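Letter by letter, the sequence shown follows residues 1 to 296 of full-length UniProt numbering. Cβ atoms here follow ideal geometry from the backbone N, Cα and C, with glycine treated the same way. It should be emphasised that the depicted structure is a prediction, and the values quoted were computed from it without experimental measurement.
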Amino acid sequence: MKKALLVVNPSAGGEKAQEFQKAAVEKLESYFDEVEVKETKKGGDARDFARAAALDKLDSVFVMGGDGTVNEGISGLAEQDYRPKFGFFPLGTVNDLARALNMPINPKEAIEALDFEQTKSLDIGKINDRYFMNVVAVGSIPEAVRDVSVEEKTKFGKMAYLISGLKKIAQNETYNFELDVDGDYISVESTTLLIGLTNSIGGHENFLPDAKVDDGLLHLVYLKDTNMLESFQAIPNLAQGVTESNQNLGYRTFNKAHIALKNSQSLGTNVDGDEGDELPIDITILPSHLTVYSGK
Numbered sequence: 001m002k003k004a005l006l007v008v009n010p011s012a013g014g015e016k017a018q019e020f021q022k023a024a025v026e027k028l029e030s031y032f033d034e035v036e037v038k039e040t041k042k043g044g045d046a047r048d049f050a051r052a053a054a055l056d057k058l059d060s061v062f063v064m065g066g067d068g069t070v071n072e073g074i075s076g077l078a079e080q081d082y083r084p085k086f087g088f089f090p091l092g093t094v095n096d097l098a099r100a101l102n103m104p105i106n107p108k109e110a111i112e113a114l115d116f117e118q119t120k121s122l123d124i125g126k127i128n129d130r131y132f133m134n135v136v137a138v139g140s141i142p143e144a145v146r147d148v149s150v151e152e153k154t155k156f157g158k159m160a161y162l163i164s165g166l167k168k169i170a171q172n173e174t175y176n177f178e179l180d181v182d183g184d185y186i187s188v189e190s191t192t193l194l195i196g197l198t199n200s201i202g203g204h205e206n207f208l209p210d211a212k213v214d215d216g217l218l219h220l221v222y223l224k225d226t227n228m229l230e231s232f233q234a235i236p237n238l239a240q241g242v243t244e245s246n247q248n249l250g251y252r253t254f255n256k257a258h259i260a261l262k263n264s265q266s267l268g269t270n271v272d273g274d275e276g277d278e279l280p281i282d283i284t285i286l287p288s289h290l291t292v293y294s295g296k
């Protein structure tokens with residue numbers, strides 16, 4: 001008897017939220033013998049629901065919501081020995097994981113396109129004691145994300161983050177990072193560090209063109225210590241996709257790293273779009289840790 005859980009964030013999806021939920025339930029009931037639906041009421045609910053589903057040995061867990069809800073669902077499964085197959089219906093602003101898995105971004109199309117026989121291994125990242133599915137950012141980018149208001153996100157979508165990010169880069173505030181990357185010591189002066197798991201970052205599907213959801217690697221990108229003009233000159237490289245280091249950008253792949261600031265200073269991080277731990281951090285990859293329903 002195949003049983004699935006659908007976790008729904010009722011605040012996502014706008015006016016069509018109920019319509020999407022009904023369509024998702026009908027789709028799941030066409031395959032599973034039993035489908036349980038739980039709605040989140042506060043942060044952390046999706047993680048707790050997914051964790052309980054794993055402990056109950058359900059076949060699959062699906063979530064419907066934005067990137068934060070997807071992160072919670074993955075986090076609840078990632079810490080368990082038995083991990084149900086994972087699926088999701090994207091209702092967020094950016095939906096990077098959906099893009100990386102070649103899933104439709106339109107919720108209705110994503111529901112219709114779901115193929116229960118189409119699955120893929122998915123790498124998960126771990127930062128200290130929490131998990132991530134897409135990206136960890138340190139420096140100017142977390143500040144830029146934090147500065148974007150709900151009104152700006154609603155009005156401009158993912159462009160709101162780009163605009164705010166450009167403003168932060170223009171301020172050219174750099175940080176002195178100390179990194180131990182797979183045993184190699186690196187000293188970096190930069191405005192921003194990005195650690196990505198997939199090709200799609202911030203809705204830009206070609207940001208890390210060599211990154212795969214199951215390559216077993218973390219991808220580090222950073223702006224080198226440059227003046228404001230050179231920082232802006234690096235933006236076309238970011239837009240075209242980062243595959244190697246150049247005069248303005250640093251790039252390398254790795255499995256685990258320790259990241260700190262010189263003089264033991266603290267600095268916040270952004271994890272999958274939400275506020276994360278302050279530096280120092282330990283970050284590592286959990287290769288092929290989940291099985292996820294994917295696009296074709």
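According to the DSSP assignment, Thr69 belongs to the alpha helix (DSSP H) that extends over Asp67 to Ala78. Counting only the Cα atoms, Asn134 lies some 12 Å from Glu205.
Sequence-distant Cβ neighbours of Val70 in its own chain, meaning closer than 7 Å and more than five residues away, are Val63, Phe88, Leu97 and Met133. In the DSSP assignment, Tyr185 is bridged to Asp180. Straight-line spacing of the CA atoms in Ile259 and Asp180 works out to 7 Å.
Comparing C-alpha distances from Leu91 to each of Gly250, Asn106 and Thr192 shows the shortest one belongs to Asn106. Ser200 sits close to Arg99, with the two beta carbons spaced by under 7 Å. Taking 8 Å as the upper bound for CB-CB distance, Ala54 and Leu77 are in contact here, some 5 Å apart.
Counting only runs of 4+ residues, the alpha helix (DSSP H) found wholly inside the UniProt domain "DAGKc" (1–131) occupies 17–29, 45–55, 67–78, 96–100 and 107–113, in chain order.
For Thr191, no pairing in a beta bridge is given by DSSP. Annotated three-state conformation of Ser288 is strand, per DSSP. Counting only the Cα atoms, Arg51 lies some 20 Å from Pro10.
Of the candidates Leu220, Leu267, Glu173 and Val242, the residue whose Cα lies closest to the Cα of Phe207 is Val242.
Look at Asn263 here: in three-state DSSP terms it is helix. If the five residues before and after Asn95 are omitted, its C-beta is found closer than 6 Å to the C-beta atoms of Ile105, all from its own chain and listed in chain order. A direct Cα-Cα distance of roughly 28 Å separates Gly139 from His289.
With 16 or more neighbouring CB atoms inside 10 Å of its own CB, Pro84 falls in the buried class. Around Leu5, the same chain offers Glu36, Ala53, Leu58 and Val61 as residues with beta carbons nearer than 6 Å, after the five sequence neighbours per side are excluded.
Here Asn270 is bridged, per DSSP, to Ala137 and Glu275. Our two residues, Ile111 and Gln118, have alpha carbons roughly 13 Å apart in a direct line.
Comparing C-alpha distances from Lys212 to each of Thr192, Gly73, Ile285 and Lys41 shows the shortest one belongs to Ile285. Remark: C-beta atoms of Leu194 and Val221 approach each other more closely than 7 Å. Proximity to Ile283 across Asn263, Glu244, Asp182 and Asn248 peaks at Asp182, based on C-alpha coordinates.
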